[in-house]
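In my numbering, the protein residues as written are 200 to 465.
Below is one structure, written out as structure tokens, with a few remarks after it.
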Amino acid sequence: MPEGSNREQLLKRVIIRAVTSPLSLFLGTTALLLTPTPDAWPAGLAALSAELAWVWTRVRNPALAATSQEELLQARWRELIRRLEALTGALDSETSTLLAGIVESQERLLGYYDAGPSLMPGTRAEVTSLLEHCLSLAEKRRQLQTFLSSIRSPEVQRQACQLQTRLEQTHDPVTRQLYEQALAQKQQELENYVRLEDAVARIDGQLAAVRCTFDNLLSRVVRMQAGEVAAEQPATDPVYEELNRLSRGVEALETSLTETLTLRSS
Numbered sequence: 200m201p202e203g204s205n206r207e208q209l210l211k212r213v214i215i216r217a218v219t220s221p222l223s224l225f226l227g228t229t230a231l232l233l234t235p236t237p238d239a240w241p242a243g244l245a246a247l248s249a250e251l252a253w254v255w256t257r258v259r260n261p262a263l264a265a266t267s268q269e270e271l272l273q274a275r276w277r278e279l280i281r282r283l284e285a286l287t288g289a290l291d292s293e294t295s296t297l298l299a300g301i302v303e304s305q306e307r308l309l310g311y312y313d314a315g316p317s318l319m320p321g322t323r324a325e326v327t328s329l330l331e332h333c334l335s336l337a338e339k340r341r342q343l344q345t346f347l348s349s350i351r352s353p354e355v356q357r358q359a360c361q362l363q364t365r366l367e368q369t370h371d372p373v374t375r376q377l378y379e380q381a382l383a384q385k386q387q388e389l390e391n392y393v394r395l396e397d398a399v400a401r402i403d404g405q406l407a408a409v410r411c412t413f414d415n416l417l418s419r420v421v422r423m424q425a426g427e428v429a430a431e432q433p434a435t436d437p438v439y440e441e442l443n444r445l446s447r448g449v450e451a452l453e454t455s456l457t458e459t460l461t462l463r464s465s
């Protein structure tokens, strides 16, 4: 999800929480009831001013922003889990098992933070972003695999061999040129299939790397909290940098696969 969209959602959530707080509702209702009455108009105006001041104070409250961000991340996580459950039935068993393992590893890491050291909001956001990218990769893998399974590679190879044979047996320059064009297109088709198969393999490798990285990060955090490993930057979350780097790599692969699919469909 784009960063700008995240900020807009966070601001919207903060404003809604500020406006719907009990005190804000009380002041707002009081202002609505008193303002239309001429004798009570000053009191109504005072209530409205107090309401605006309260909302402004709440909107600028860092604690409310942190709470709202946490709620957004939790809602986003639940939506991703629902998306995973809907996708699982369409995936092959190996990819489905791998995604389930990634979620399990992520929840173990988050669970450790919930029970022990505090978790920086940025780290939870990176965990959520990684799961979103992994689901997107799994969907693209299913799309690629569905296309490849509909292709009969031996038949395409046979067609290429036939074109090569006809090209060798033809002496007319114009006919040879046409067969050369046909053979070049068929060879390019075969190369595209190989590239798509490579893309599927890269997705499998990337998902495996994500799973193993989370397992390694959990063991690393436990060791650091136990005092066996000194944190290089005690003021920051020890896993944030690694998660950020991994997320950028997954996002880059996702982008390249999107380009591959676009070129194939054009």
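Glycine included, every Cβ here is placed at the ideal spot set by N, Cα and C.
The structure presented is a predicted model; accordingly, all values stated were derived computationally and were not measured.
Given residue i as reference, the closest of the options once Cα atoms are compared
i	options	result
Ser304	Val326, Gly321, Leu334, Gln376	Val326
Ala299	Ala274, Leu406, Arg422, Arg444	Leu406
Thr160	Glu379, Ile301, Leu279	The structure shown does not extend to residue 160, since the chain is modelled only from 200 to 465, so the question has no answer here.
Glu270	Glu354, Glu396, Ala324, Val393	Ala324
Leu347	Ala398, Pro221, Ser418	Ala398
Ser292	Asp403, Arg275, His370	Asp403
Trp276	Gln368, Leu334, Asn415, Pro221	Leu334
Same chain only: Cβ atoms within 8 angstroms of residue i, ignoring 5 sequence neighbours per side
i	result
Leu382	Ala359, Leu362, Gln363, Leu366
Thr457	Lys339
Val355	Lys385, Glu388, Leu389, Tyr392
Thr256	none
Glu379	Leu366
Thr369	Arg375, Tyr378
Leu279	Thr327, Leu330, Glu331, Leu334
Thr454	none
Ser352	Leu389, Tyr392
Cβ-Cβ separation, residue j to residue i (assumed contact under 8 angstroms), whole Å
i	j	result
Val420	Val409	So it is not a contact: roughly 17 angstroms between Cβ atoms.
Leu336	Leu442	Incorrect: roughly 16 angstroms between the Cβ atoms, too far for contact.
Arg341	Leu290	6 angstroms
Leu308	Leu417	5 angstroms
Val272	Val449	Inspection of the sequence shows that residue 272 is occupied by Leu rather than by Val. Contact doesn't hold; Cβ gap of about 18 angstroms is too wide.
Helix, strand or coil at residue i [DSSP, three-state]
i	result
Leu290	coil
Arg351	coil
Asp371	coil
Val302	helix
Pro241	helix
Thr236	coil
Val438	coil
Leu452	helix
Sequence-distant residues of the same chain with beta carbon closer than 6 angstroms to residue i, five excluded per side
i	result
Val428	Its pLDDT being 48, under 50, Val428 is placed unreliably by the model, and the measurement read from it follows with that caveat. Closer than 6 angstroms at Cβ, skipping near neighbours: Arg422.
Ser295	Thr287
Glu440	none
Beta-carbon proximity list for residue i, same chain, < 7 angstroms, skipping 5 on both sides
i	result
Leu297	Leu406, Ala407, Arg410
Ile197	Outside the displayed span of the chain (200 to 465) sits residue 197, for which this structure offers no information.
Leu401	According to the sequence as given, residue 401 is Arg; it is not Leu. Same-chain partners within the cutoff: Leu452.
Ser446	Glu325, Ser328, Leu329, His332
Asp414	Ser304
Ala434	Because the pLDDT at Ala434 is just 48, under 50, the model does not fix this residue reliably, and the point stays unresolved.
Pro221	none
Ala274	none
Closer than 8 angstroms: residue i CB and nearest the ligand SAM heavy atom
i	result
Glu388	As for the ligand SAM, it is missing from this structure, which has no ligand bound.
#### Entry: In chain order, each beta strand (DSSP E) run of at least 3 residues that lies wholly inside the segment 389-419
none
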